[in-house]
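Residue numbers (my numbering), protein chains in the order written: chain A, 1 to 202; chain B, 1 to 202.
Note that CB positions come from ideal geometry on N, CA and C, so glycine has one too.
2 protein chains.
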Amino acid sequence: MVTKVAKTRPRTEAHDEKRALIIEGCATLFDKVGYHNTSMQMVADEVGLGKPTLYHYFPSKIAILYAIHDTHITSLLRSLESLKGKDPAVVLQAACADILRQIATHPGYVRAFMDNYHDLEGEMKDSIRTARRTYFNMIKDVIIEGTEKGQFRETDPLLTAYAFLGMGNWAYKWYPAMAAERTPEEVALALCTPFLDGLKAK
Amino acid sequence: MVTKVAKTRPRTEAHDEKRALIIEGCATLFDKVGYHNTSMQMVADEVGLGKPTLYHYFPSKIAILYAIHDTHITSLLRSLESLKGKDPAVVLQAACADILRQIATHPGYVRAFMDNYHDLEGEMKDSIRTARRTYFNMIKDVIIEGTEKGQFRETDPLLTAYAFLGMGNWAYKWYPAMAAERTPEEVALALCTPFLDGLKAK
DNA sequence: TATTGACAACCGACCGGTCGGTCGGTCAAA
DNA sequence: TTTGACCGACCGACCGGTCGGTTGTCAATA
């Protein structure tokens with residue numbers, strides 16, 4: 001029988017595409033009416049499938065919510081990772097622009113990520129919590145680095161990180177309404193300039 | 001018949017107290033599990049009443065959500081109103097402390113206010129939207145005033161107001177966990193200092 | 001090359017359970 | 001005897017998820 005070469009069927013090719021399609025449809029609805037007001041039937045209609053077919057691609061509604069969380073936080077982490085080594089102030093402003101870009105291009109992902117984290121359960125919640133913590137600590141470490149280099153004034157880095165991320169994260173409430181007129185980079189500059197100037201050591 | 005003194009029955013006295021009790025029980029549950037995961041039966045059990053009795057005090061679940069929104073925003077508005085005339089930077093920091101105080105003392109109110117505004121309907125939503133706008137515009141006007149007085153640098157007051165409120169509002173996600181160790185005033189100082197310093201004109 | 005059979009994709013109909021809300025009534029106070 | 005406070009039992013709607021089955025396609029076989 002030698003080696004088990006060809007694995008039964010394609011599986012990955014079209015399958016993963018449909019999965020992505022379902023996630024996208026879900027995100028659209030989550031953006032419009034929120035997670036709890038979105039039924040699986042609505043998702044099925046949005047994607048053009050029967051409701052039972054959704055369960056060929058995801059084991060449960062929460063699993064889709066998890067996929068959305070995972071996609072979003074993975075994207076943010078990868079982006080922040082690629083900024084390593086740059087100047088602390090530059091990293092912070094770029095991270096802020098990242099968040100705004102996600103809000104502009106994937107509002108449903110961000111809304112679910114912000115409002116429905118507590119609806120995750122078990123291992124899914126653990127996994128996302130870990131990723132969230134990693135992201136937060138990376139931001140906090142950038143602030144600590146800036147302080148140690150003498151570029152930032154002495155602050156409580158925990159609270160400063162919360163303040164900084166609050167500015168950016170909160171934008172999911174208002175930025176979608178003006179995303180057509182203002183680029184993420186432009187808005188990130190306006191948001192970060194006073195904050196970063198105040199943070200800079202005299 | 002003279003003046004219509006005693007109105008049929010007590011009505012107001014104990015009635016309003018029970019209403020407040022129901023609101024408080026609701027807020028406790030909203031804080032713990034969120035609006036959508038709180039059933040009217042859970043509220044009834046929390047308050048020690050039968051479920052139908054709740055409907056003697058509120059016409060619907062949404063009406064309780066509205067009462068919570070109304071209580072919260074009214075409190076914030078009254079507080080901000082009382083700061084009129086003071087120095088812009090002082091007003092902003094005090095407003096930030098107000099928000100943090102509300103988060104510490106009424107976390108359920110704040111969580112519902114942040115996460116479930118879109119679940120309000122009709123006139124209730126209109127009314128809260130108006131109050132939210134009023135509050136936001138008052139903050140924006142304080143920023144404009146600071147700029148006109150030459151105390152703040154020139155900025156886009158809209159985005160600056162969003163940035164400032166984002167810092168404070170976002171705290172409902174993390175401040176409850178440390179509210180026992182850090183006072184609202186203390187945290188408001190840490191949050192506002194870099195931001196306000198950066199905002200101040202050179 | 002034709003046959004076959006295994007499996008992915010798909011779904012109409014249905015199920016158990018829960019939810020917001022109501023009905024019809026009891027009871028105590030005044 | 002009126003009226004507010006109260007609630008056990010109930011209802012219709014809807015939701016997440018499943019069942020049982022059909023179809024289309026492709027790889028192995030003969």
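Interface residues of chain A around residue i at Cβ under 8 Å?
| i | result |
| --- | --- |
| A171 (chain B) | Y162, G166 |
| T155 (chain B) | A190, T193, P194 |
Are there 16 or more other CB atoms within 10 angstroms of the CB of residue i, so buried, or fewer, so exposed?
| i | result |
| --- | --- |
| Y57 (chain A) | buried |
| A6 (chain B) | Its pLDDT being 39, under 50, A6 (chain B) is placed unreliably in this model, and the value from its coordinates should be taken loosely. Exposed, by the Cβ-count rule. |
| T8 (chain A) | Per-residue confidence for T8 (chain A) stands at a pLDDT of 48, beneath the threshold of 50, marking its modelled position as unreliable; no derived number is given. |
| Y162 (chain A) | buried |
| T155 (chain A) | buried |
| P52 (chain B) | exposed |
| N116 (chain B) | buried |
| M1 (chain B) | Below a pLDDT of 50, predicted positions are generally treated as unreliable, and M1 (chain B), at 34, falls in that range; the measurement from the model is reported next regardless. By the neighbour-count rule (16 or more Cβ atoms within 10 Å), M1 (chain B) is not buried but exposed. |
| G108 (chain B) | buried |
| H15 (chain B) | exposed |
| N169 (chain A) | buried |
| F164 (chain A) | buried |
| G85 (chain B) | exposed |
| A20 (chain B) | exposed |
| G150 (chain A) | exposed |
| A27 (chain B) | buried |
| G122 (chain B) | exposed |
| T3 (chain A) | Residue placement at T3 (chain A) cannot be trusted, given a pLDDT of 30 that sits under 50; what the coordinates show is reported in the next sentence. So T3 (chain A) ends up on the exposed side. |
With distances taken between CB atoms, is the gap from residue i to residue j smaller than 8 Å?
| i | j | result |
| --- | --- | --- |
| I23 (chain A) | I64 (chain A) | yes |
| Y35 (chain B) | A131 (chain B) | no |
| G146 (chain B) | A97 (chain B) | no |
| H72 (chain B) | H106 (chain B) | yes |
| V33 (chain A) | L100 (chain A) | no |
| V142 (chain B) | L92 (chain B) | yes |
| A179 (chain A) | A104 (chain A) | yes |
Can you pull the chain A residues whose beta carbon is under 9 Å from the beta carbon of residue i, in chain order?
| i | result |
| --- | --- |
| H118 (chain B) | V33, G34, N37 |
Given that residue i touches chain A, what residues does it touch there, using C-beta distances under 7 Å?
| i | result |
| --- | --- |
| D115 (chain B) | D115 |
| L159 (chain B) | V187, A190, L191 |
Kindly give me the distance between the Cβ atoms of residue i and residue j, rounded to whole angstroms, as I take these residues to be in contact under 8 Å.
| i | j | result |
| --- | --- | --- |
| A171 (chain B) | I139 (chain B) | Not a contact, Cβ separation roughly 15 Å. |
| L159 (chain A) | L196 (chain B) | Contact flag wrong, Cβ pair sits at about 14 Å. |
| Q102 (chain B) | L83 (chain B) | The pair is not a contact, with the Cβ atoms about 15 Å apart (cut-off 8 Å). |
| L49 (chain B) | T38 (chain B) | Not a contact, Cβ separation roughly 15 Å. |
| Y55 (chain A) | L120 (chain A) | Y55 (chain A) to L120 (chain A), Cβ: 19 Å. No contact. |
| M42 (chain B) | K61 (chain B) | That pair is no contact at about 11 Å. |
| L199 (chain A) | P194 (chain B) | 5 Å |
| M167 (chain A) | M167 (chain B) | 6 Å |
So which residues on chain B does residue i lean against when the C-beta distance must stay under 7 Å?
| i | result |
| --- | --- |
| D197 (chain A) | G198 |
With a threshold of 7 Å (Cβ to nearest heavy atom), would residue i be considered close to the ligand PLP?
| i | result |
| --- | --- |
| K61 (chain A) | In the structure shown, the ligand PLP is absent, as is every other ligand, since no ligand is present at all. |
message: Going residue by residue through the stretch 114-150 of chain B, where are the continuous alpha helix (DSSP H) segments of at least 4 residues, counting only ones entirely within it?
response: 122-148
query: Could you give the uninterrupted runs of the alpha helix (DSSP H) lying entirely in the stretch 58-118 of chain B, keeping only those of 4 residues or more?
result: 61-81, 88-105, 107-115
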